[in-house]
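Residue numbering for the sequence shown follows the working numbering, beginning at 5 and increasing consecutively. No residue lacks a Cβ here, since even glycine has one placed at the ideal position from N, Cα and C. Quantities reported herein were computed from a predicted structural model and do not represent experimental measurements. Below is one structure, written out as structure tokens, with a few remarks after it.
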Amino acid sequence: MDLNGQVALVTGAGRGIGRSIAQHLAQAGASVVVNDLDAAPAQDVVDEITQAGGKAVAVAAEIGTEGAAETCIAAALDNFGRLDVLVANAGVLRDSVLWKTEDDAFDLVIRTHLRGTFQCGRAAARHFREAGHGGALVLVGSPAGQLGNFGQTAYAAAKAGIAGMTRTWAAELQRAEVAVNAIIPTALTRMTETIPPLAPYVQAMERGEPLPEKLRADLGIGLPEDIAPLVVYLASQAGRATTGQCIGIGGDRLALWSHPSEHRVQTRSGGWTPDSIAEAWPDLTRDALQPFGITMDL
């Protein structure tokens, strides 16, 4: 994929998946705005890109706070003269079960993931509509947002909201020739080290050990660099023909997630009563109740 002449903004790009995405976009020829909460890791990624012959600039800003999205887009325009791609990747975890979740932790996760993605998408949409040259929004979802996950009330809610925004923005920005898609990544990162079954694999990854085939192929869990190729594709002209989708990638797996839809329907003339629902329920739900929660057979 040739992204020469394109300019991309990647939020939360100082580490992990965001870092790999920024590097791969630069390798494909894009100039990259590398955003992170902390200036030092963002600058480290910029240095890596420029030392490899690419173009990049760092912006330290806390995504989800007022003006952060506009600051990042202004950096793209000031340094490179345009913006073509936004990758809304910034995130944070504060995992706990429902009855132990405090308001401050919930609000932080929602602010960073959901409000931050909203603010970045809104700022990019305003720019793309005014510039008139189209573009690509790549939002970052999660299997937790598709299925739910034990101990991740705020995170799952935020990621489910991002999936909803993906479909809404795809409809709203289609006339402006802006493609909007969500990736559903599964990779070992510093964030996933907080998930007990994955912690040993994160530690093995940090030691440079190869991941087992079961993890990569069966569960679709790999390294951050396994995620970036999908983003490069979606940023390209070929990838922009697709919009409004949630696309999974991780390890050796690439997947298209289904959208919520009516799975099975019954009708009753005159409407339903509690008793008639009870009578119809076995036929309506037989072999049709939907799965929930992420399961890992490790």
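What are the start and end residues of the alpha helix (DSSP H) that includes Ser24? Gly20 to Gln31
Roughly how many angstroms separate the alpha carbons of Gly149 and Lys59, rounded to a whole number? 34 Å
Bridge partners of Val144, per DSSP? Ile187
Which residues in the same chain as Gly243 place their Cβ atom closer than 6 Å to its Cβ, once the five residues preceding and following it in sequence are excluded? Tyr237
Cβ-Cβ distance between Ala128 and Ala167 below 9 Å: no
Limits of the unbroken beta strand (DSSP E) element including Ala73: Element bounds for Ala73: not the beta strand (DSSP E) but the alpha helix (DSSP H), Ala72 to Phe84.
Under three-state DSSP, which class holds Gln270? Residue state, collapsed to three classes: coil.
Give me whichever residues DSSP pairs with Gln150 in a beta bridge. Answer by DSSP bridge pairing: none, since Gln150 is not bridged.
Please state whether the Cβ-Cβ distance between Val206 and Val89 is less than 9 Å. No, Cβ-Cβ distance for Val206 and Val89 is not below 9 Å.
Gly274 to Ile281 span [Cα, whole Å]: 13 Å
Closest by CA to Glu134, which one among Leu87, Ser100, Leu112 and Ala162? Closest in C-alpha terms to Glu134, from the list Leu87, Ser100, Leu112 and Ala162, comes Leu87.
Do you know offhand how far Ala109's Cα is from Arg272's? 45 Å
Neighbour-count burial assignment, Ser35, 16 or more Cβ in a 10 Å radius: Ser35 is buried by the Cβ-count criterion.
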